[in-house]
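Residue 182 in my numbering sits at position 116 of the sequence shown, with consecutive numbering throughout.
Cβ atoms here follow ideal geometry from the backbone N, Cα and C, with glycine treated the same way.
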Amino acid sequence: MIHIEPMTAAWVPQVAALEPLCFSTPWSEAGVAAELDNPVSQWYVAVEDGQVCGYVGGHLVIDEGEVMNLATAPTHRRRGIAEQLLRHLCHKMKQAGAAFLLLEVRESNTPARTLYEKCGFTTVGRRPHYYSQPDETGLVLRKELI
Ligand SMILES: CC(C)(COP(=O)(O)OP(=O)(O)OC[C@H]1O[C@@H](n2cnc3c(N)ncnc32)[C@H](O)[C@@H]1OP(=O)(O)O)[C@@H](O)C(=O)NCCC(=O)NCCS
């Protein structure tokens, strides 16, 4: 049974271990840990049998939310975990006063783009060379929360 809970220091090593499995430019463990002390930050983990199998992190500044990171362990994909995490973050951000959410996604990232579209995000911008390793355009997506 999977449940979602706020990321605490105890979960940071497992989140950091998933980063290189999910991203070509992974966050370091120190970078993830620093989010715990960031007052604008909200991170949540999906936990199954004591193991982190997915996580999402966002920032909220006044009424503007931003999704920083969303990933599911490669062994746990296509089970609805990322969708659950994203909907949870949207709910928590809205509760905390966010009017809308923004995020960037690689143009070629069909799994993520399909997920975001399913969850109500639309493309509002395009940033050439936004990503490195490999160089790629980033699409800016937005979802209204009110
Ligand atoms: C993108 C990612 C987070 C999706 O995680 P997931 O837990 O497998 O996704 P879910 O099972 O919740 O999928 C929800 C919906 O997203 C879409 N989706 C997910 N994976 C997909 C794929 N490989 N191809 C097409 N659509 C996909 C589908 O619409 C799916 O709904 P459905 O199963 O009813 O068809 C995961 O592939 C991942 O960690 N990728 C690497 C990190 C990454 O790219 N993060 C996003 C950065 S912007």
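Exposed or buried, which one is residue i when buried takes at least 16 other CB atoms within 10 Å?
i    : result
I147 : buried
H125 : buried
M67  : exposed
Q108 : buried
F187 : buried
A178 : buried
V118 : buried
Please name the residue or residues paired with residue i in a DSSP beta bridge.
i    : result
V133 : G124
W109 : G123
K160 : BP columns for K160 are empty, so no partner.
I212 : Answer is none; I212 lacks a bridge partner.
R144 : BP columns for R144 are empty, so no partner.
E71  : V111
Among the residues of its own chain, which have a CB less than 6 Å from the CB of residue i, if the five just before and after it don't count?
i    : result
V190 : V206 and R208
L169 : V133 and L207
Rounded to the nearest angstrom, how far is the Cβ of residue i from that of residue j, given a contact under 8 Å?
i    : j    : result
V122 : L102 : Actually they are not in contact, since the Cβ atoms of V122 and L102 sit about 15 Å apart, beyond 8 Å.
M159 : L211 : 7 Å
L167 : G131 : 4 Å
Q199 : S94  : Not quite, the Cβ-Cβ distance comes to about 15 Å (not below 8 Å), so this is no contact.
V81  : V111 : 7 Å
V98  : V78  : 5 Å
T138 : G120 : 4 Å
D129 : A100 : Not a contact, Cβ separation roughly 24 Å.
Report all residues from its chain with a CB closer than 7 Å to the CB of residue i; omit the five preceding and five following residues, and keep chain order.
i    : result
M134 : G123, G124 and H125
A162 : L126
Leaving out five residues before and five after residue i in sequence, what residues of the same chain have Cβ atoms less than 8 Å from its Cβ?
i    : result
Y196 : E170, E202, T203 and G204
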